[in-house]
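Chains as they are written, first to last, in our numbering: chain G, 622 to 735; chain X, 30 to 145.
This is the structure:
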């Protein structure tokens, strides 16, 4: 069965530090990949997505993610985090075969200290 | 009102109660979803409706009963729930492209359910 793994459950960084959150999916076919973010007290919102084309995807608020097909990975990066990036980040994958549905990872809770 | 709205935002119910969660999307989408978000667990897809027909029922207990009267509204009827059903219930919508992929989903704020 398709699954998504996020290896870091909690990450604590100081402002201006660089961020990389890992995401791996376990489906061998074509997938759409997403990163969603949930700020404290707010609803889940899309950060960025990959459907096809350039494997380096840029999203909102300076975030980017790189799709590496050979590694089944879609890691999220930001060169310099801000206190306002404190949130929970969810990776998700949607297989493009059979019945398509979004499968989420367990989430990574990021705390950025000022 | 824009986006995806959910009511109520918080709900406390006893195990013998019957209640309903409501979701409304104002985005003109043709697919709607119910998810369950529990602490330390991935979001669990419960139900999917596409063009008002249920296309996925993810082995959800029968004490949860969805209803989709039109493409803009989705309900989750609850009865005889258990304490382990306490969670955040999220509604989402998307525009199905017709090729099968459901693409980007837009989420509501959720209903925080507590079952006593």
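A virtual CB, placed ideally from N, CA and C, is assigned to each residue, including glycine.
Using only the alpha-carbon positions, how far apart do residue 106 (chain X) and residue 638 (chain G) sit? Residue mapping note: residue 106 (chain X) aligns to position 77 of the second chain, counting from 1. Residue mapping note: residue 638 (chain G) aligns to position 17 of the first chain, counting from 1. Their Cα atoms are separated by approximately 46 Å.
Closest residue to residue 691 (chain G) among G:623, G:624 and G:645 (Cα-Cα distance): In the first chain, counting from the first residue as 1, residue 691 (chain G) sits at position 70. The residue from G:623, G:624 and G:645 with its alpha-carbon nearest to that of residue 691 (chain G) is G:645.
Name the chain X residues that come within less than 8 Å of residue 649 (chain G), Cβ to Cβ? Looking up residue 649 (chain G) in the first chain gives position 28. In chain X, no part has a C-beta under 8 Å from the C-beta of residue 649 (chain G); the shortest such distance is about 17 Å.
Alpha carbon of residue 103 (chain X) to alpha carbon of residue 640 (chain G), nearest angstrom: Reading the second chain from its first residue, position 74 is the one you call residue 103 (chain X). Reading the first chain from its first residue, position 19 is the one you call residue 640 (chain G). About 37 Å.
So which residues of chain X does residue 727 (chain G) contact, with C-beta pairs closer than 8 Å? Position 106 of the first chain, counting from 1, holds the residue named residue 727 (chain G). In chain order: 69, 70 and 71.
Opposing strand residues paired with residue 704 (chain G) [DSSP bridges]: As a first step, residue 704 (chain G) must be located in the first chain, where it is residue number 83. Partner(s): none; residue 704 (chain G) has no beta bridge.
Is residue 59 (chain X) near residue 100 (chain X), with beta carbons less than 8 Å apart? Numbered from 1 along the second chain, position 30 holds the residue referred to as residue 59 (chain X). Numbered from 1 along the second chain, position 71 holds the residue referred to as residue 100 (chain X). A contact, by the Cβ cut-off of 8 Å.
Interface partners of residue 144 (chain X) on chain G, CB under 8 Å: Taking the first residue of the second chain as 1, we reach residue 144 (chain X) at position 115. Counting only Cβ-Cβ distances below 8 Å, residue 144 (chain X) has no contacts in chain G at all, with the closest Cβ about 22 Å away.
Top-ranked residue by Cα proximity to residue 677 (chain G), from G:657, G:624 and G:687: Residue 677 (chain G) sits at position 56 when you count from the first residue of the first chain. Comparing C-alpha distances from residue 677 (chain G) to each of G:657, G:624 and G:687 shows the shortest one belongs to G:687.
Selected residue, minimal CA-CA separation from residue 145 (chain X), among X:44, X:40, X:33 and X:39: Stepping through the second chain from its first residue, residue 145 (chain X) is reached at position 116. Comparing Cα positions, the closest option is X:44.
Check the Cβ-Cβ distances between residue 137 (chain X) and every residue of chain G, and say whether any is below 8 Å. Counting from one through the second chain, the residue named residue 137 (chain X) turns up at place 108. Answer yes: the Cβ-Cβ gap between residue 137 (chain X) and chain G drops below 8 Å somewhere.
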